[in-house]
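J.: Quick one: the structure is below, questions incoming.
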Amino acid sequence: MITLAKTSANVNTVVSPKRPSVKLRNLQQAEFLQEILEGLGDGILILTAAGELVHANASAYHICCQLNQGHFDSNSIPSTIWHLCQSLLDSQRFLSDPIMMLSDEIVLDKLTIFRIRVRFLDLETFDIPCLLVTIENRYESMKNIAIAEIKKYELTPREAEIWCLYRSNYSYKEIATKLHITLNTVKKHMKNIHAKRQEFLTNPN
């Protein structure tokens with residue numbers, strides 16, 4: 097919108113951008129939040145207290161497919177997740193000091209571990225309570241931590257391989273088998289890694 101401001105001496109043209117309508121602003125905010133949710137590494141589910149799916153980002157969809165043996169839709173929330181949601185809902189009815197958040201871990205195998213967190217979510221657009229479920233891929237989280245530590249501790253390529261596996265809950269024997277090296281070699285590298293780690297913790301600068 098262009099507003100004309102006239103003075104006694106000159107005519108100045110002042111460009112004043114028109115503010116978006118409330119509806120447009122809400123739409124822009126919704127699209128922005130959608131982009132944020134889709135960009136998160138963690139899975140995000142929003143459920144009603146009745147178990148209806150309001151939203152699932154791409155990560156949550158992929159994880160729920162794993163938990164449901166390849167199938168996921170709005171009517172098939174994984175039972176392990178829904179049981180945790182029900183426990184949180186029950187705490188509101190039966191406990192004098194209600195719990196605001198619950199968490200649990202789902203272990204499928206050594207490399208597939210999910211940490212589930214459930215909390216209440218107050219959405220103005222819904223008349224009934226909603227639940228926010230975050231699903232963290234523990235393997236990916238620990239791998240990212242290990243990568244950061246490799247740089248901090250200045251590990252060699254072989255030490256880096258061993259440390260990543262160790263951070264993923266591999267035993268020394270399992271590391272030796274996977275990397276086709278002896279158990280003593282693993283122990284020697286781990287001793288060096290712990291020495292470098294201790295050095296970093298003692299002298300972080």
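Per this note's numbering, the very first residue in the sequence shown carries number 97; after that it's consecutive.
Yeah, the Cβ is synthetic: ideal placement off N, Cα and C, and Gly gets one too.
Because the structure is a prediction, the values reported are computed rather than measured.
Considering only C-alpha positions, which residue in the set 204, 189, 184 and 190 is nearest to residue 198?
T.: Position 102 of the sequence shown, counting from 1, holds the residue named residue 198. Residue 184 is the option with its Cα nearest to residue 198.
J.: Are the CB atoms of residue 231 and residue 139 within a distance shorter than 8 Å?
T.: Within the sequence shown, the letter at position 43 stands for residue 139. Within the sequence shown, the letter at position 135 stands for residue 231. Yes, the Cβ-Cβ distance between residue 139 and residue 231 is below 8 Å.
J.: Identify which residue in 149, 205, 293 and 178 has its Cα closest to the Cα of residue 82.
T.: Here the chain covers residues 97 to 301 and nothing more, so residue 82 does not appear.
J.: Using the C-alpha atoms, what's the distance from residue 275 back to residue 166?
T.: If you number the sequence shown from 1, residue 166 lands on position 70. If you number the sequence shown from 1, residue 275 lands on position 179. Each residue's Cα considered, the two are about 31 Å apart.
J.: Ordered along the chain, which non-local residues of its own chain (more than five positions away) have a Cβ less than 8 Å from that of residue 239?
T.: Translated into positions along the sequence shown, residue 239 becomes position 143. Result list for residue 239: 260, 263 and 264, in chain order.
J.: Is residue 322 buried or exposed, if buried means 16 or more other CB atoms sit within 10 Å of its CB?
T.: Look at the range of the chain in this structure, 97 to 301, and you will see that residue 322 is not part of it.
J.: Output the distance between the C-alpha atoms of residue 186 and residue 153, rounded to the nearest integer angstrom.
T.: As a first step, residue 186 must be located in the sequence shown, where it is residue number 90. As a first step, residue 153 must be located in the sequence shown, where it is residue number 57. One C-alpha to the other measures close to 26 Å.
J.: With C-beta atoms as the reference, is residue 255 less than 8 Å away from residue 277?
T.: Residue mapping note: residue 255 aligns to position 159 of the sequence shown, counting from 1. Residue mapping note: residue 277 aligns to position 181 of the sequence shown, counting from 1. The answer is no: Cβ separation not under 8 Å.
J.: Span of the beta strand (DSSP E) holding residue 233?
T.: As a position in the sequence shown, residue 233 is number 137, starting the count at 1. Its beta strand (DSSP E) spans residues 226-233.
J.: DSSP has residue 172 in a bridge; who is on the other side?
T.: The residue given as residue 172 occupies position 76 in the sequence shown. Partner(s): none; residue 172 has no beta bridge.
J.: Kindly list the residues whose CB is nearer than 7 Å to the CB of residue 257, restricted to its own chain and excluding five residues on each side of it in sequence; keep chain order.
T.: As a position in the sequence shown, residue 257 is number 161, starting the count at 1. Within the same chain, residue 257 has close Cβ partners 275.
J.: Closer than 7 Å to a non-hydrogen atom of the ligand HEM - does that hold for the CB of residue 172?
T.: Ligands in the displayed structure: none, and consequently the ligand HEM is not present.
J.: Suppose you measure from the CA of residue 224 to the CA of residue 204; what does that come to, to the nearest Å?
T.: Start at 1 with the first residue of the sequence shown, and residue 224 comes out as number 128. Start at 1 with the first residue of the sequence shown, and residue 204 comes out as number 108. Taking the straight line joining both Cα atoms gives about 33 Å.
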